[in-house]
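Residue numbers (our numbering): 33 to 504.
Glycine included, every Cβ here is placed at the ideal spot set by N, Cα and C.
From a predicted model like this one, the values you see are computed outputs, not experimental measurements.
Worksheet: the structure to be examined is printed underneath.
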Amino acid sequence: MQILRPGKLFRVLLCSCWLLSPLSVQADEVDVIRNEANQTLRDLESRGYVAPTLSDLSKYPARTIRDLKTVLDGQRDDCLKAVAGSLFLDAHRREASVEAAVEDLQNTNLIRDLADIWGMSLLAEINPNLQVDLQIDPYMFLQSNLADSVSSLSGMFENLHKTVNAFVDHNREAIANSREVWIEDIIRVSTLHNWNENTVAGAQEKLRAKVAKAHAGIQAAEVTAKAAIPKIEERFQDRLSRIASARDVEIYKLDREINSEAAYNIKLGTIQANFVAANQEARDQRVAEFKQALQSRQHMISLNLQRIAMAHVQSQALARYALPIARGECDKITKTGFVHTPISCKAGDFLCELTRLPHGKLMSTFKALGVTPSVGYLNCVCRAAGYGSSGASQFYEPDTIGTFDARYSCQHPGPPCIVSGLGCTRHPLPTDPEKWKNCGARVEAEGNPNPFQAVEAGIRARAAEIAGKNND
33 MQILRPGKLF
43 RVLLCSCWLL
53 SPLSVQADEV
63 DVIRNEANQT
73 LRDLESRGYV
83 APTLSDLSKY
93 PARTIRDLKT
103 VLDGQRDDCL
113 KAVAGSLFLD
123 AHRREASVEA
133 AVEDLQNTNL
143 IRDLADIWGM
153 SLLAEINPNL
163 QVDLQIDPYM
173 FLQSNLADSV
183 SSLSGMFENL
193 HKTVNAFVDH
203 NREAIANSRE
213 VWIEDIIRVS
223 TLHNWNENTV
233 AGAQEKLRAK
243 VAKAHAGIQA
253 AEVTAKAAIP
263 KIEERFQDRL
273 SRIASARDVE
283 IYKLDREINS
293 EAAYNIKLGT
303 IQANFVAANQ
313 EARDQRVAEF
323 KQALQSRQHM
333 ISLNLQRIAM
343 AHVQSQALAR
353 YALPIARGEC
363 DKITKTGFVH
373 TPISCKAGDF
383 LCELTRLPHG
393 KLMSTFKALG
403 VTPSVGYLNC
413 VCRAAGYGSS
423 GASQFYEPDT
433 IGTFDARYSC
443 QHPGPPCIVS
453 GLGCTRHPLP
463 TDPEKWKNCG
473 ARVEAEGNPN
483 PFQAVEAGIR
493 ARAAEIAGKN
503 ND
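Written as structure tokens, this is what we have:
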């Protein structure tokens, strides 16, 4: 008979405990889930459906695998299952691989995309009429707003200039961390609530409003920071003046009260030392206030840059994923390639067609139909778009407000919906026909002509005229 030594007996008992432990059972359970999910995703990919960027499920933690099972079980349609599983894993890819995080940050396509988004060229996809004059270089901003004071802050500027790259890198990293999560969030909501084409269009309208609001937030940050600069300078000069006055008073008292030359020189030296120290303290306080103004500005710009990027990413996601799903074309979804599939208006929906027109063509069409919408009606339409906050003034004005100045959005002609509060921004007329209908009903209730009904009558009259000519 074999006799187990104490050490060996302990190892046998330890192994037995592990095999019976809850951790062992949980690990087995996760492995089963992982294998089933892996088989499901491979099968879906083999049938031509979208696949996750990182499909090796052994890389993902147990918590993510359990959540993946919930995501896959929640979709009965195979194509939707593939889309949901793929986007879910993409949103959790950074948990699976350190290399993925580094790859995202070094992704030249992301850097190019963000440069385009923040340069506003890609915003044409979200809002063709949006005009943005964005400046995100904090060094150039502060330098341009301090004028003659720059020379006395050269050390501060040297340090600030080094923060510019860090500022841009911070925003790029934040978006690299969030991009897939933003996509997964909005597509999960769209599939959960079975969005149709009109719902997708409404969501894109809201994203346009978010872009406009974020742009207004950037301009508000600029206005606030620019207003702070002269106030900081004014407080600094006031402190210097009070410090100099206090020194002069001390010297005046010294002249009247002390006769001893030795005592006088000692006391005068103390006064001068206090004067120099007080001056330096005032300068340090001035620099601290400048830095605070800059940091507040950078924080607000960073926040709104990320909101703009989020709106762009989610708008593209709606076009790439939600729109094909709404059209019953889920099997045509791909993760790559340019997507530009505007939602078409339903046959006979003339108001939908009208609201898609650029402002100039829309006004020309109104004129051709013999319709002149009142300013009150157009003001209502602009307010209904919801571009600004509740406290901002929102109204219709396509022409220059005040004196022409090409530097400022509202001081030259442009998109007609004005949002005026902290700064002034222009935005396009909304494309949601319901907003136009609701404003028509509102002005009619106030006893004024309903432009919507006039447009409908004008179109019918023009159609009858064309039909009559064709019959002749």
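Measure from the alpha carbon of I275 to the alpha carbon of each residue in L286, K263 and R315, then state which is nearest.
-> The sequence position of residue 275 within the sequence shown is 243, counting from 1. Of L286, K263 and R315, the residue nearest in Cα terms is R315.
Start and end residues, beta strand (DSSP E) containing Q426 = Reading the sequence shown from its first residue, position 394 is the one you call residue 426. Taken as a continuous stretch (DSSP letters only), the beta strand (DSSP E) holding Q426 covers S425 to Y428.
Smallest Cα separation from R279: which of K238, I264, A305 and D270?
-> Residue numbering aside, residue 279 sits at position 247 when the sequence shown is read from its first letter. Taking only the C-alpha atoms, the option nearest R279 is A305.
Cα separation between A493 and W468?
-> Within the sequence shown, residue 493 is the residue found at index 461, counting from 1. Within the sequence shown, residue 468 is the residue found at index 436, counting from 1. Near 21 Å, if we compare the C-alpha coordinates of W468 and A493.
H225: buried (16+ other C-beta within 10 angstroms of its C-beta) or exposed?
-> The residue labelled residue 225 in the question sits at position 193 within the sequence shown. Answer is exposed; the Cβ neighbour count stays below 16.
Ignore the nearest five residues each way along the sequence and tell me which others in G418's own chain have a CB closer than 6 Å to its CB.
-> Along the sequence shown, read from residue 1 onward, the residue named residue 418 stands at position 386. So the qualifying residues of the chain are A241.
P84 classed as buried or exposed, judged by whether at least 16 other C-beta atoms fall within 10 angstroms = Mapped onto the sequence shown, residue 84 falls at position 52. The residue in question, P84, is buried, as its Cβ has 16 or more Cβ neighbours within 10 Å.
Drop a sphere of 10 angstroms on the beta-carbon of Q485, count the other beta-carbons inside from all chains shown, and report buried for 16 or more, exposed for fewer.
-> As a first step, residue 485 is located in the sequence shown; it is residue number 453 there, counting from the start. Under this definition Q485 is an exposed residue.
For the segment 423-436 against the segment 254-267, are there 3 or more C-beta pairs whose distance is under 8 Å?
-> no
Using alpha carbons as the reference points, say which of E293, D363 and A416 lies closest to R474.
-> As a first step, residue 474 must be located in the sequence shown, where it is residue number 442. Of the candidates E293, D363 and A416, the one whose C-alpha sits nearest the C-alpha of R474 is A416.
Kindly indicate which residue of A477, P405, G392 and L89 has the alpha-carbon position closest to the one of R487.
-> For the purposes of this step, residue 487 is taken as the residue at position 455 of the sequence shown. Position check: residue 487 holds Val in this sequence, whereas Arg was assumed. Here the closest residue by C-alpha is P405.
For V62, I'd like the list of residues in its chain whose CB is within less than 8 Å of its CB, leaving aside the five on either flank, ordered along the chain.
-> The residue labelled residue 62 in the question sits at position 30 within the sequence shown. Correct list, in chain order: A94, I97 and R98.
Sequence-distant residues of the same chain with beta carbon closer than 6 Å to E77, five excluded per side | By one-based count along the sequence shown, residue 77 stands at place 45. If we look at E77 and ignore the five residues flanking it on each side, its Cβ neighbours are A83.
What's the C-alpha gap between G490 and G423?
-> Walking along the sequence shown from the start, residue 490 turns up at place 458. Walking along the sequence shown from the start, residue 423 turns up at place 391. Looking at the two C-alpha atoms, the distance is approximately 37 Å.
Residue range of the unbroken beta strand (DSSP E) whose run includes I357 | One-based indexing of the sequence shown puts residue 357 at position 325. First-last for I357: L355 to A358, but that is the alpha helix (DSSP H), not the beta strand (DSSP E).
Could you tell me whether the Cβ atoms of E266 and D122 are closer together than 8 Å?
-> What you label residue 266 is simply residue 234 of the sequence shown in a count that begins at 1. What you label residue 122 is simply residue 90 of the sequence shown in a count that begins at 1. Contact flag unset, no.
Would DSSP call G455 helix, strand or coil?
-> On the sequence shown, position 423 is the one that residue 455 refers to. Note: G455 maps to strand in three-state DSSP.
Please classify T368: is it buried, with 16 or more other beta-carbons within 10 angstroms of its beta-carbon, or exposed?
-> What you label residue 368 is simply residue 336 of the sequence shown in a count that begins at 1. When all chains shown are included, T368 counts as exposed.
Check whether the Cβ atoms of I218 and V115 sit closer than 8 Å, and answer yes or no.
-> If you number the sequence shown from 1, residue 218 lands on position 186. If you number the sequence shown from 1, residue 115 lands on position 83. Going by C-beta atoms, I218 is not nearer than 8 Å to V115.
Alpha carbon to alpha carbon, what distance is there between A438 and A233?
-> Here residue 233 corresponds to residue number 201 of the sequence shown, with the count starting at 1. Here residue 438 corresponds to residue number 406 of the sequence shown, with the count starting at 1. Rounded to the nearest angstrom, the two C-alpha atoms are 33 Å apart.
May I ask you to report which of helix, strand or coil DSSP gives I365?
-> Taking the sequence shown and counting its residues from 1, the one referred to as residue 365 is at position 333. Three-state DSSP puts I365 in coil, outside helix and strand.
Hey, quick one: how far does the alpha helix (DSSP H) through S277 stretch, first residue to last?
-> Here residue 277 refers to the residue found at position 245 when the sequence shown is read from its first residue. First-last of the alpha helix (DSSP H) with S277: E229 to E289.
Helix, strand or coil at W50 [DSSP, three-state] = The count along the sequence shown starts at 1 and reaches residue 50 at position 18. The predicted model places W50 with a pLDDT of 46, which falls under 50 and marks its position as unreliable; any figure quoted below should be read in that light. In this structure, W50 counts as helix in the three-state DSSP scheme.
CB I365 to CB T223, shorter than 8 Å?
-> The sequence position of residue 365 within the sequence shown is 333, counting from 1. The sequence position of residue 223 within the sequence shown is 191, counting from 1. Going by C-beta atoms, I365 is not nearer than 8 Å to T223.
What distance in whole Å lies between the Cβ atoms of C414 and Y440, which are believed to be in contact at a cut-off of 8 Å?
-> The count along the sequence shown starts at 1 and reaches residue 440 at position 408. The count along the sequence shown starts at 1 and reaches residue 414 at position 382. With a Cβ gap of about 19 Å, Y440 and C414 do not count as contacting.
For P483, I'd like the list of residues in its chain whose CB is within less than 7 Å of its CB, leaving aside the five on either flank, ordered along the chain.
-> Residue 483 sits at position 451 when you count from the first residue of the sequence shown. Answer for P483: V403, P405, Y409 and G472, listed in chain order.
Return the residue from the list G80, P448, R126 and A235 that minimises the CA-CA distance to L355.
-> Position 323 of the sequence shown, counted from the first residue, corresponds to residue 355. The residue with the shortest Cα to Cα distance from L355 is A235.
Within the same chain, show all residues whose beta-carbon is closer than 6 Å to that of H124, passing over the 5 residues directly before and after it, in chain order.
-> Residue 124 sits at position 92 when you count from the first residue of the sequence shown. Correct list, in chain order: T96.
From this set, Q426, C111 and I298, which residue's C-alpha is nearest H459's C-alpha?
-> On the sequence shown, residue 459 is found 427 positions in, with the first residue counted as 1. Measuring from the Cα of H459, the nearest candidate turns out to be Q426.
Cβ pair I215, V345 closer than 8 Å = Within the sequence shown, the letter at position 183 stands for residue 215. Within the sequence shown, the letter at position 313 stands for residue 345. Yes, these two residues count as a Cβ contact at 8 Å.
Taking Cβ to Cβ, would you say A309 is nearer than 8 Å to V451?
-> Within the sequence shown, numbered from 1, the residue matching residue 309 stands at position 277. Within the sequence shown, numbered from 1, the residue matching residue 451 stands at position 419. Cβ atoms of A309 and V451: not closer than 8 Å.
Beta-carbon separation (whole angstroms), A252 vs L454, contact threshold 8 Å = One-based indexing of the sequence shown puts residue 252 at position 220. One-based indexing of the sequence shown puts residue 454 at position 422. So it is a contact: roughly 4 Å between Cβ atoms.
For I303 and L286, the rounded distance between their alpha carbons | Walking along the sequence shown from the start, residue 286 turns up at place 254. Walking along the sequence shown from the start, residue 303 turns up at place 271. If you take the alpha carbons of L286 and I303, they lie about 10 Å apart.
Check the C-beta distance from K101 over to I65 and give it rounded, since I have them as a contact under 8 Å.
-> Position 69 of the sequence shown, counted from the start, is the residue given in the question as residue 101. Position 33 of the sequence shown, counted from the start, is the residue given in the question as residue 65. Sure, about 5 Å apart at Cβ, within 8 Å.
Any heavy atom of the ligand COA closer than 7 Å to the Cβ of D431?
-> Absence of the ligand COA from the depicted structure is noted, as is the absence of any ligand whatsoever, leaving it without description.
Starting from I340, follow the alpha helix (DSSP H) in both directions and report where the run begins and ends.
-> Within the sequence shown, residue 340 is the residue found at index 308, counting from 1. Unbroken alpha helix (DSSP H) run through I340: E293 to A349.
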